[in-house]
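Accompanying notes for the structure given below.
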Amino acid sequence: MTIESLLAQFYTDLVTVERLAELSARTYEESAKKFLLWCVHEQIKLRNVTTQNLLYFIVWRRQTGCDELTVAKDIAGLRSFGSFLVREKLWTENVAKEIDKPKTARSLPKVLSPVQVDALLAAIDVSKPLGIRDRALFELIYSCGLRISEAAGLLTENVHLNERILIVHGKGDKERMVPFGQIAKEKLALYVNEVRPSLVGKKAVSEVFVNYRGEAMSRKGIWKRFQDLEALSGVTAKVHTLRHSFATHLLAGGVDLRSVQELLGHADLATTTIYTHVDDSQLRKGHESYFPGHKGGTHD
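Written as structure tokens, this is what we have:
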């Protein structure tokens, strides 16, 4: 049987038996073709193919420049090809099932440099009450690596200014303690003592950050204020970018991964390790050994 006739049978099997779409069937057929041609080059008979041979083929594909997504498609195609060969009694077992698909790489989070954080925060007009609130809000999000939902849900009873500690209610109903720096303390104290009382009036509001009506700020409200800051500062980012920047700046300053995990409230250390792959020399300038700081290390 020639390679061409075998591939034609395989394609028909994919469409009629496996019920694959034509495009997927052609993709699998192409993967099988490449493998068969590789076997010819390596002088390996199809009936003698082992899992090790398949692994060598995958390694060869990577060495020729294929990305992880292409290799994952090759493996899926080879698994289907193996099932077909078993049905045709050309293989006694599908050895391709032993090969795991590679995990596609997670995209690295966008991170701001300390200079960009400065530019973003400096765009806030602190001559107005709501500007004082916004400066305290986004300073705290950056200094504590808060999620937007955590900032919106932060309660006054969980803010300990003198100790510079927040009790943050995070995902999965888990609470964690997060320290914040001196600059954040000053901005937060100004807002809490002088601005918030006038916004809230006689209302009983538990949340720290309130809108102009004296009601708790929503996540959408925080997001809209951040969009305004983007436009004013020229810094393109999202609120969550401040959390990414917090984590990356900590690691760049020498804080160990486990500590960063605790501060972020990650249940799994693997989630935190994504920040170890963000390597920008700009982020390594102006940091103190423990806590990240913009403006040349003015934070604790």
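In terms of my numbering, the sequence shown opens at residue 2 and continues consecutively. All residues carry an ideal CB built from backbone N, CA and C; glycine is no exception.
Anticipated Cβ contact below 8 Å, residue i with residue j, distance rounded
| i | j | result |
| --- | --- | --- |
| E208 | G154 | 7 Å |
| R220 | S150 | 6 Å |
| G308 | V196 | This structure gives no information on residue 308, because the portion of the chain shown stretches from 2 to 301. |
| H245 | K111 | 6 Å |
| K74 | T28 | 6 Å |
| A137 | L162 | No, A137 and L162 are not in contact; Cβ-Cβ is about 11 Å, not under 8 Å. |
| F11 | F82 | 6 Å |
Three-state secondary structure assigned by DSSP to residue i
| i | result |
| --- | --- |
| D280 | Any reading at D280 needs caution, since the residue's pLDDT is 47, under 50, leaving its predicted position unreliable; the model's value is listed next. Coil. |
| A217 | strand |
| R165 | coil |
| P180 | strand |
| L155 | coil |
| E208 | strand |
| K296 | Residue placement at K296 is flagged as unreliable, the pLDDT there being 47, under the threshold of 50; the coordinate-derived value follows with that caveat. Correct three-state label for K296: coil. |
| V41 | helix |
| V112 | coil |
| V193 | helix |
| H267 | coil |
| V118 | helix |
| V236 | coil |
| V127 | coil |
Straight-line gap, residue i to residue j (C-alpha atoms, nearest Å)
| i | j | result |
| --- | --- | --- |
| R134 | I142 | 12 Å |
| S128 | R177 | 33 Å |
| T237 | G255 | 27 Å |
| N54 | T93 | 16 Å |
| Q64 | F58 | 10 Å |
| K204 | P180 | 29 Å |
| Y192 | H241 | 22 Å |
| E19 | W39 | 25 Å |
| E187 | E164 | 13 Å |
| V72 | L122 | 44 Å |
| L258 | C145 | 16 Å |
| K286 | T249 | Reliability of the predicted coordinates at K286 is poor, the pLDDT of 39 falling under 50, and the value obtained from them is presented with this limitation in mind. K286 and T249: Cα-Cα distance of roughly 12 Å. |
| T272 | R148 | 15 Å |
| V96 | E5 | 22 Å |
| W61 | I275 | 28 Å |
| G182 | D269 | 26 Å |
| D280 | F247 | Per-residue confidence for D280 stands at a pLDDT of 47, beneath the threshold of 50, marking its modelled position as unreliable; no derived number is given. |
| N194 | H267 | 32 Å |
| I184 | R226 | 21 Å |
| K239 | I125 | 16 Å |
| A26 | D68 | 20 Å |
Near the ligand ADP: residue i beta-carbon under 6 Å from a heavy atom
| i | result |
| --- | --- |
| C40 | Among the components of this structure there are no ligands whatsoever, and the ligand ADP is therefore not found. |
Cutoff 7 Å: residue i Cβ touching any chain C Cβ
| i | result |
| --- | --- |
| D119 | Among the protein chains of the structure shown there is no chain C, as only one such chain exists. |
ask   = Residue ranges of each alpha helix (DSSP H) run of no fewer than 4 residues wholly in the region 46-102, ordered along the chain?
value = 52-64 and 69-88
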